[in-house]
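Let me begin by presenting the structure, written as C-alpha cells, before commenting on it.
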Amino acid sequence: MTESGTPSGEDPTAAALPGSADRLRIVCLEEHMSTPGLVAAWTARSLPFGRGPLLDRLADLAEGRLAAMDDAGVDVHVLSVSGPGLEQLPAAEAVALARDANDRIAAAVAAHPDRLQGFVNLPTPDPAGAAVELRRGVEELGFRAGFMFGRVGDRNVDHPAFDELWATAAELRVPVYLHPAQPPQAVRDAYYSGLGNPAADFAFSTGAIGWHYDAGVQLLRMIYGRVFDRHPDLQVVVGHWGEVVLFYAERVQLLDSAMHPALDRSLPEYLRQNVFYTPSGMYSQRYLAWALDIVGADRIMFSTDYPYLPDIGGGASRDFLEKADLLTEQERHLIAHGNWERLTARPSAA
C-alpha cells in the first residue's frame, strides 16, 4: 500500500485503449442498471424509480448503452444497480435479486469485456448474506468492488451487523461504493415536506440535497463509528464530490476532540487514506478544485451517474476532464482511469 492507502502497482497513466495511445481512457464508476426482478420488486412496494426511456436505458447492457457511452466520450462503465436498490427489500428477496443482478452484469461484462465492468451489488438487508455475495462476486465473477446504498432501515453503516461485510471487503482488498439512499420517512416528513407538491418534496429529499446529507452522514459514521479503526486498510468510494463532507471537513473535525477514547487518526487522515471520491456527473471545475485542495488527485475518480443526468451526450463527460486546466496530464490520467486501476489491481501471484 502507498502512504495514501492506495494499492501500489504499475504506472496507470501508461494505459490506453488498444490502437489509441494518445487517447485519454475514461472509466466511469456510478453507472446504473436494472433487472426485471428488481423492477417487479420496486413496483410491488410502490418505490420510486426511473420509468419510460430511463428504464429502457437502465435495462440495456448491450448496444444501446455502448452507443450512449460513445456519445458521452467514455470508454468503460462499471455497472451497479440503480436506486432504490436492494436496501428496502426483505432480506431473502434482496439476496436473490442481488445474485441475479450480479450474474446478469457478469454476462454483460463477458460479452463486452473492454467496455463493461461490474460492482458486486450487496444485499445489505442480510448483512451476512452481503458478505457472502461480496466474496462470490470477487472470487467467482471476477468483480473488483462492492456497491451498496448505505443505511438499511434503522441500521447505519457502522452498526455491528455490518462488521463482517467490512471485514470481508478488507480481507479481499476490494473497495465498496457507498451510494446515497433516500432519508427515512420521519426525516423526509420533518425536513423535506411541505413545498407545495409531491414532486418538489421528493426532489428535495433526494437529488437536490437529501440524498447527499444522508450519504455524507453514513460516511462520517464509518469514521466516527470506528469502522476504519477496526479495518484500517478498508477503502470506500463516495460520489457527488464527497457527499457534502469535503465542503464541511474543517467544521466536522470539531467531532475529533469530542471522541473518547480518541480516534486512531484525524478526520483529514481518514478522508485521504480510506475514501475515494467521484463527481457523479456534477461537472463543476470549482468542485474539482476544492476536492484537489482537500484530498488531492490520487483520491479522485470519475463517474457520470448514467442514465440520470441530462446533457451527458455530445462528449460532455470527456470534455470535463480534457479541458480541466487545473489538472496536470498525470492527474488527468489518474482521475480518468489510473486511480481505479490501482485501487482494484489484484495482488500478484507469489
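Each residue of the sequence shown is one higher than the one before, starting from 1 at the first, in the UniProt record's numbering.
Cβ coordinates follow ideal geometry from the N, Cα and C atoms, glycine included.
**Item:** Exposure of Tyr248, with buried meaning 16 or more beta-carbon neighbours within 10 Å
**Value:** exposed
**Request:** Output the distance between the C-alpha atoms of Ala203 and Pro347, rounded to the nearest integer angstrom.
**Result:** 43 Å
**Closest Cα partner of Glu164 within the set Asp126, Ala186, Ala199 and His179** = Asp126
**Proximity winner among Ser317, Leu334, Thr328 and Asp264, relative to Ala68 (alpha-carbon distances)** = Ser317
**Request:** Determine the extent of the beta strand (DSSP E) in which Gly118 is found, giving its start and end residues.
**Result:** Leu116 to Gly118
**Request:** Please report the residue range of the alpha helix (DSSP H) in which Leu257 lies.
**Result:** Checking the sequence, you will find Ser at residue 257 rather than Leu. Residues Leu254 to Ala258.
**Item:** Neighbour-count burial assignment, Gln285, 16 or more Cβ in a 10 Å radius
**Value:** exposed
**Item:** As assigned by DSSP and simplified to three states, the class of Gly37
**Value:** helix
**Contact between the region 167 to 186 and the region 224 to 238 (3+ Cβ pairs under 8 Å)** = yes
**Request:** Tell me where the alpha helix (DSSP H) around Leu343 begins and ends.
**Result:** Asn339 to Leu343
**Request:** For the region 129 to 177, list the alpha helix (DSSP H) runs that are entirely contained and at least 4 residues long, ordered along the chain.
**Result:** 163 to 172
**Asked** Taking contact to mean at least 3 C-beta pairs separated by less than 8 Å, is the region 247 to 267 in contact with the region 326 to 335?
**Response** no
**Asked** If you draw a straight line from the C-alpha of Gly19 to the C-alpha of Met33, how long is it?
**Response** Only weak support is given to the placement of Gly19: the predicted model assigns it a pLDDT of 32, under 50, and the question is left unresolved by the model.
**Request:** Return the chain-ordered list of same chain residues with a C-beta closer than 8 Å to the C-beta of Tyr277, the five sequence neighbours on each side being excluded.
**Result:** Val237, Val238, Gly239, Trp241, Gly242, Leu246, Ala291, Val295, Arg299, Ile300 and Met301
**Item:** Where the alpha helix (DSSP H) containing Phe276 begins and where it ends
**Value:** Run containing Phe276: none in the alpha helix (DSSP H); it sits in the beta strand (DSSP E), Val275 to Tyr277.
**Asked** If you draw a straight line from the C-alpha of Ala96 to the C-alpha of Ala131, how long is it?
**Response** 14 Å
**Request:** Could you have a look at Glu87 and say whether DSSP puts it in helix, strand or coil?
**Result:** coil
**Request:** In angstroms with no decimal places, state the Cα-to-Cα distance between residue 368 and Ala208.
**Result:** Because the chain is modelled from 1 through 350, residue 368 falls outside the range shown and cannot be assessed.
**Message:** What does the Cβ neighbour count give for Gly64, buried or exposed, with the cut at 16 atoms within 10 Å?
**Reply:** exposed
**Asked** Just how far apart, CA to CA, sit Ile105 and Gly85?
**Response** 15 Å
**Prompt:** Are the beta-carbon atoms of Asn102 and Gly137 separated by less than 8 Å?
**Reply:** yes
**For Asn197, three-class secondary structure by DSSP** = coil
**Request:** List the endpoints of the continuous beta strand (DSSP E) containing His77.
**Result:** Val76 to Val81
**Residue of Asp229, Pro123, Leu220 and Gly225 minimising C-alpha distance to Arg251** = Leu220
**Message:** Tell me whether the region 133 to 152 and the region 68 to 77 touch, counting them as touching only if at least three CB pairs, one residue from each stretch, are closer than 8 Å.
**Reply:** no
**Request:** Find the nearest neighbour of Ser46 within the set Gly83, Thr124 and Ala324, judged by alpha-carbon distance.
**Result:** Gly83
**Asked** What residue does the beta strand (DSSP E) around Val236 start on, and which one ends it?
**Response** Val236 to Val238
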